[in-house]
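So that you can map any letter, position 261 of the sequence shown is 264 in this note's numbering, and since no number is skipped, the others follow by simple counting. Remarks on the structure that follows.
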Amino acid sequence: MRLKPFIAANMSEALLLVKESLGSDAIILNTEKLPDGQVKLTAAIDEEDFSFTPKEEVEKIPSKSVFDDSEIRESLNYHGVIETSKDKILSRIRKAHFQNGESDSLKLLARDLNQNIGYYKMLDRSTPFKLFMGVSGSGKSTAIAKVATQAKFKKISACIISTDNIRAGANNQLESFAKILDTPFIFAGDANMLYNKAAQNAQKYNLVLIDTPGVNPFKKEEVDKLKPFINVLKADKIMTMDAGRNAYDAVEIAEVFKNIGAQHIFPTRLDLARRIGGIISVADVCKLKLGAAGISASIVQGIAKIDAASLAKLLLPKHKQEGK
Ligand SMILES: Nc1nc2c(ncn2[C@@H]2O[C@H](COP(=O)(O)OP(=O)(O)OP(=O)(O)O)[C@@H](O)[C@H]2O)c(=O)[nH]1
Ligand SMILES: [Mg+2]
4 MRLKPFIAAN MSEALLLVKE SLGSDAIILN TEKLPDGQVK LTAAIDEEDF SFTPKEEVEK
64 IPSKSVFDDS EIRESLNYHG VIETSKDKIL SRIRKAHFQN GESDSLKLLA RDLNQNIGYY
124 KMLDRSTPFK LFMGVSGSGK STAIAKVATQ AKFKKISACI ISTDNIRAGA NNQLESFAKI
184 LDTPFIFAGD ANMLYNKAAQ NAQKYNLVLI DTPGVNPFKK EEVDKLKPFI NVLKADKIMT
244 MDAGRNAYDA VEIAEVFKNI GAQHIFPTRL DLARRIGGII SVADVCKLKL GAAGISASIV
304 QGIAKIDAAS LAKLLLPKHK QEGK
């Protein structure tokens, strides 16, 4: 049996060192927290041709790897990112620092969010159908009006189909926006009608934006009523969600929509949120991609592109970003 000690910033990094050095058959004999906060592990492996190292030859990550992650950690705590997502982000960032020596928090965070969160282009036309779903009042119809406006600016032809047959007067506001934009507004009361109207209009327009009735994700009967609309078309499925939601609630809600097909998240009311841990946690846990967000109630100016760099800036304290 060969014994070998390892020192690293935390347990998961120490375990990674053990695995890299001794392989996955190694067993951990002892763990110890050192006074400087690092962790020391003693691992052992059975070897036929065993040798005994008389002097402790400690495998230690070079000192540049001990990255002071407190700035990013405190930001993720402030924003209320859920524990598992926070730990994953911090561990990857420490590893990235070790591998490339980068120690600028903003750059490290932006790079990590770029590599580990998915992004989509809202006006991407590879599939013409964009279906919006979400909790009642989460901003679906407003998001559609904003996207239709952007499409108009970019000379991309679009129409809107509403399937919202639940709330009385639900379509009035969206219909009036559509009129102002000179964008056709079509109503489809059931999934068959949606299929037919969407297929017809995809011949005429680059984008077919589909609104759906708001649901309570914790009421199965409401979610079940939404499913036929979602399953009838091969659409980009976008979940709108209030950006300021508590992260654990946000993940629970997003899991329901993910299970019925949501692929993207469109955060709304970002202008009213101080903490965006819900959005980061949903993107991490549910693997929903980010692309655009609602940043005011204004239809014309109320939409912004979201990417890794803008997310990192939203997460880190403003004063730490000065001059960057
Ligand atoms: N400040 C701000 N308000 C927003 C934003 N997005 C939506 N809202 C407001 O949120 C409210 C609800 O938006 P809707 O678009 O009607 O939400 P919905 O999901 O279509 O609602 P239902 O159809 O009832 O389920 C409206 O008063 C919008 O003006 C945003 O990005 N910022
Ligand atoms: Mg609506």
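We put the CB at the ideal spot given by N, CA and C, even for glycine. Fair warning: this is a prediction, and the values are worked out from it, not measured in the lab.
- F101 sits away from I241, with the two beta carbons spaced by 9 angstroms or more.
- Out of V254, L236, N234, the CA that lies nearest to the CA of T243 is found in V254.
- The C-beta distance from L197 to A205 rounds to 12 angstroms, too long to meet the 8 angstroms contact threshold.
- Looking at the backbone, the Cα of Q153 and that of A286 are separated by about 24 angstroms.
- Residue pairing by DSSP leaves L79 without any beta bridge partner.
- Checking the DSSP bridge columns, you'll see F188 partnered with I163.
- Under the three-state reduction of DSSP output, G280 falls in the helix class.
- Look at K143: its beta carbon is less than 8 angstroms from one of the heavy atoms in ligand 2.
- The beta-carbon distance between P231 and D167, rounded to whole angstroms, is 14 angstroms. This is too long to meet the 8 angstroms contact definition.
- Using a C-beta cut-off of 8 angstroms, the region 124-131 makes no contact with the region 93-107, since fewer than three inter-stretch Cβ pairs fall below that distance.
- The three-state reading of DSSP puts Y198 in helix, counting H, G and I together.
- Distance from the C-beta of G217 to the nearest heavy atom of ligand 2 is below 8 angstroms.
- Going by beta carbons, A47 and A29 fall inside the 9 angstroms limit.
- For K91, the enclosing alpha helix (DSSP H) has its first and last residue at 86-103.
- In the structure shown, R114 falls within a helical segment according to DSSP collapsed to helix, strand and coil.
- Assignment of L18 by DSSP, reduced to helix, strand and coil, places it in the helix class.
- A direct Cα-Cα distance of roughly 22 angstroms separates I163 from V226.
- Look at the beta carbons and you see the region 269-280 touching the region 305-322: at least three pairs across the two are nearer than 8 angstroms.
- Nearest to A276 by C-alpha distance, out of D72, P38, Y81, D71, is Y81.
- Here T145 is buried, its C-beta having at least 16 other C-beta atoms within 10 Å.
- When the beta-carbon positions are compared, A148 and A202 stay at least 9 angstroms from each other.
- Contact annotation: L229 and A246 have beta-carbon atoms that are not nearer than 9 angstroms.
- For T45, the enclosing beta strand (DSSP E) stretches over residues 42-48.
- In this structure, A253 has its beta carbon at no less than 8 angstroms from each heavy atom of ligand 1.
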